[in-house]
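In the numbering used here, the protein residues as written are 216 to 840.
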Ligand SMILES: Nc1ncnc2c1ncn2[C@@H]1O[C@H](COP(=O)(O)OP(=O)(O)O)[C@@H](O)[C@H]1O
Ligand SMILES: [Mg+2]
């Protein structure tokens, strides 16, 4: 490595050094070693080749010294040619070795990235919904990208940096000391002149780069939020574009200023490093030349010393920052491990069973539930706020007991916030109950394997999400093996057939960000088509038709009724027609069941349902009727 590249490298490391320097932790180191184990053979070869490369680097100046001595001593021309040829051969060998070393370090480093990424992705995917409701997506993605890369970079940099630099330094110093210890010591005395101010400069630079990173993050948050379709719409309707521009310009301007100052600082750094080593070389020539004149050294030794000296400063400065590199590596690794250490609250039991065959009976038995508090499901560092609010989860469902016999349709009604959606989420096991149980055909959902539960239970919510992908891909999610005919059948039954047929790309039309290019009703019908395709044994509809206008709702309702036939269903609805068709109506208020019965029974009881019926469900014509 040239002095310049080492200098840049050091500046880079200092700029990226972590804010807080935590004490070295043996446990972290052991875990890192575990990630390194699969690559241990490559690492061994890499280290061996690095040492050989360092040896070659020391051999060349020594040979150059021999050349000079042969010339001065008027040796046979043959000797000079052989020495020159040896230098050439070493250069070729070093170049080849360099390629292999680079390949090895890339392979090790990228391999480590792959392993860490897969581990984090797999782990995060297993986290419960509660985790995602509390976690900033950006922070999470940054763990997957920046920290994983940071960990890898620091790992391979430390590996190659520390090891090869130590070897190079020891060899170079050793050879120089044997040639002339006095000159070597003198040349080293110049080093602190450079290293001490460089460290201070490194810290200033690090501060500036951190500020730049903060500003860049703020700018990209502003951009991703404002430049998404919903964000842009909001700004057009309510925003103040001039102020947005001013804020953006202020940040971008500050980034420019930092960029200029950084460039200057870096130049000063590299220039002074080059200057110091040039001064040291001058010293060697002066002192060495004088020694040679008085006969205490030969000419070749002076040349060898000066050449060796230029190779001494690079590893010295690099090693000076090694501690910081290692700290940075540890922090990156710890940030990744922090995510890996989060315990998924909801996991398959070791003795998981499938949902017993046949139509499903759903039972909730004395269920109490509160949404888990933040400290149970997330990391402070991944949240919007710096500290987790540690308040315990407030109970939102109290002693819920209800039962849907196979093939029955049970309607849940109640005002907003009563806990209807929460029940739907407990049945699909997006959350686990605090006490009591949710059972399918007599088996507690906590004992059922996730795959079987997913196949048996289908949930459609009001804001059914679509991936930014084709209609086909979004449908196949529900049933990967479905053929073309089944896809079209589901679309037609969800009253979407005509629309999709009219699209130029048909099933291969990409639905935009969150399915943005579809209208709310169309998006809803697509999620219903997904349900029709899946044909789960237990259907849960959480206000599934709420965003449809009454005409398309009537149409989709027909399709749903068809889909619900013979299936057990839990339906959260606000339309009288659906509710009236239910075998059982459960009225929920503030997380408690206040009434249960059929439409006629409940109306006759003149309770909460009768009140809701008059104020919310009744369609004018029906009230009159
Ligand atoms: N993710 C959540 N975290 C904490 N509390 C929640 C969450 N979702 C809903 N709640 C609370 O749980 C209660 C029941 O909500 P929900 O089941 O969505 O009501 P409904 O669907 O009947 O309108 C409400 O008080 C609501 O604020
Ligand atoms: Mg709801």
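Glycine is no exception: its CB is placed at the ideal position from the N, C-alpha and C atoms.
Worksheet item: residue 334 to residue 555, Cα distance in whole Å?
Response: Spanning the two alpha carbons is a distance of roughly 7 Å.
Discussion item. In this structure, how does DSSP classify residue 254 when only helix, strand and coil are distinguished?
Written reply: In this structure, residue 254 counts as helix in the three-state DSSP scheme.
Practice prompt. Sort out for me which residues DSSP pairs residue 784 with in a bridge.
Written response: Residue 784 pairs with 624, 754.
Practice prompt. Counting only the same chain and skipping the five closest in sequence on each side, list residues whose C-beta sits under 8 Å from that of residue 610.
Written response: Spatial neighbours of residue 610 in its own chain (CB-CB distance under 8 Å, excluding positions within 5 residues in sequence) are listed in chain order as 583, 584, 585, 649, 806.
Discussion item. Taking the straight line between their C-alpha atoms, what separation do you get for residue 236 and residue 749?
Written reply: In this prediction, residue 236 scores a pLDDT of 44, lower than 50, which makes its location untrustworthy; the coordinate-derived value is nonetheless stated afterwards. Between the alpha carbons of residue 236 and residue 749 lies a distance of about 52 Å.
Discussion item. With a threshold of 6 Å on Cβ separation, who are the neighbours of residue 843 within its own chain once the five nearest residues in sequence on each side are excluded?
Written reply: An answer regarding residue 843 cannot be provided, because it is not within the stretch 216 to 840 covered by the chain.
Item to complete: Report the residue ranges of all alpha helix (DSSP H) runs contained in full by the stretch 262-346; include only those spanning at least 4 residues, in chain order.
Response: For the stretch 262-346, the full-length alpha helix (DSSP H) segments reaching 4 residues or more read 292-340 along the chain.
Fill in: Neighbourhood of residue 514 by C-beta distance below 7 Å, restricted to the same chain and skipping five residues each side
Same-chain partners within the cutoff: 283, 284, 287, 507.
Discussion item. Measuring alpha carbon to alpha carbon, tell me which residue in 370, 249, 830, 276 is nearest residue 527.
Written reply: Taking only the C-alpha atoms, the option nearest residue 527 is 276.
Worksheet item: On the three-state DSSP scale, how would you describe residue 350?
Response: Look at residue 350 here: in three-state DSSP terms it is coil, with no helix or strand label.
Worksheet item: So who's on the other strand from residue 688, going by DSSP bridges?
Response: Residue pairing of residue 688 in beta bridges, as defined by DSSP: absent, with no partner found.
Discussion item. Under DSSP, the alpha helix (DSSP H) around residue 773 begins and ends at which residues?
Written reply: Note, residue 773: alpha helix (DSSP H), 765-779.
Worksheet item: Are residue 504 and residue 398 close, meaning C-beta to C-beta below 8 Å?
Response: Not a contact, by the Cβ cut-off of 8 Å.
Discussion item. Closer than 7 Å to a non-hydrogen atom of ligand 2 - does that hold for the CB of residue 255?
Written reply: No, the Cβ of residue 255 stays beyond 7 Å of every heavy atom of ligand 2.
Item to complete: Select from 704, 327, 761 the residue whose C-alpha is nearest the C-alpha of residue 677.
Response: In terms of CA proximity to residue 677, 761 leads the group 704, 327, 761.
Worksheet entry | Length of the line joining the Cα atoms of residue 580 and residue 724 | Their Cα atoms are separated by approximately 45 Å.
Worksheet item: To the nearest angstrom, how far is it from the Cα of residue 656 to the Cα of residue 689?
Response: Roughly 30 Å separates the two Cα atoms.
Fill in: Proximity to residue 782 [Cα-Cα], best of 744, 620, 788, 795
Per the Cα distances, 620.
Item to complete: Let me have the residue list for ligand 1: C-beta closer than 6 Å to any non-hydrogen atom, ordered along the chain.
Response: For ligand 1, the selected residues are 348, 586, 611, 629, 631, 632, 633, 634, 635, 636, 637.
Worksheet item: Out of curiosity, what's the CA-to-CA distance linking residue 500 and residue 439?
Response: In this structure, the alpha-carbon of residue 500 lies about 59 Å from that of residue 439.
Item to complete: Using alpha carbons as the reference points, say which of 622, 300, 546, 463 lies closest to residue 785.
Response: Taking the Cα of residue 785 as reference, the smallest distance to any Cα among 622, 300, 546, 463 is reached at 622.
Fill in: residue 757: CB within 7 Å of a non-hydrogen atom of ligand 2
Closer than 7 Å to some heavy atom of ligand 2: that describes the Cβ of residue 757.
Worksheet item: Ends of the alpha helix (DSSP H) at residue 469?
Response: From DSSP, the alpha helix (DSSP H) with residue 469 extends over 456-508.
Item to complete: Spell out the partners DSSP gives residue 807 in its beta bridges.
Response: In DSSP, residue 807 forms a bridge with 804.
Worksheet item: Which residue's Cα is closest to the Cα of residue 394: 627, 281, 243, 692?
Response: For the residues 627, 281, 243, 692, the minimum Cα distance to residue 394 belongs to 281.
Worksheet item: For the alpha helix (DSSP H) that contains residue 616, what are its first and last residues?
Response: Unbroken run through residue 616 is the beta strand (DSSP E), 610-619; no alpha helix (DSSP H).
Worksheet item: Do the stretch 334-350 and the stretch 297-309 make contact, defined as three or more Cβ pairs closer than 8 Å?
Response: With the cut-off at 8 Å, the stretch 334-350 and the stretch 297-309 do not touch.
Worksheet item: Mind checking residue 635: buried by the 16 CB within 10 Å criterion, or exposed?
Response: Buried is the call here.
Discussion item. Please state whether the Cβ-Cβ distance between residue 691 and residue 697 is less than 8 Å.
Written reply: Yes, they are a contact pair.
Fill in: Candidates 545, 561, 712, 744: closest to residue 365 by CA position
Comparing Cα-Cα distances from residue 365 to each of 545, 561, 712, 744, the minimum goes to 545.
Worksheet item: Roughly how many angstroms lie between the CA atoms of residue 464 and residue 532, to the nearest whole one?
Response: The straight-line gap from Cα to Cα measures roughly 38 Å.
Fill in: Among 682, 645, 253, nearest to residue 672 - alpha-carbon criterion
Just measuring C-alpha positions, the residue of 682, 645, 253 sitting nearest residue 672 is 645.
Fill in: 8 Å CB neighbourhood of residue 459 in its chain, flanking five on each side removed
Taking C-beta separations shorter than 8 Å and ignoring five residues to either side along the sequence, the partners of residue 459 in its chain run 437, 441, 450, following chain order.
Worksheet item: Do you know how far the Cα of residue 740 is from the Cα of residue 733?
Response: Looking at the two C-alpha atoms, the distance is approximately 10 Å.
Discussion item. According to DSSP, is residue 826 part of a helix, a strand, or is it coil?
Written reply: In this structure, residue 826 counts as helix in the three-state DSSP scheme.
Worksheet item: Which term fits residue 342, buried or exposed, when burial requires 16 or more other beta carbons within 10 angstroms of its beta carbon?
Response: Buried is the call here.
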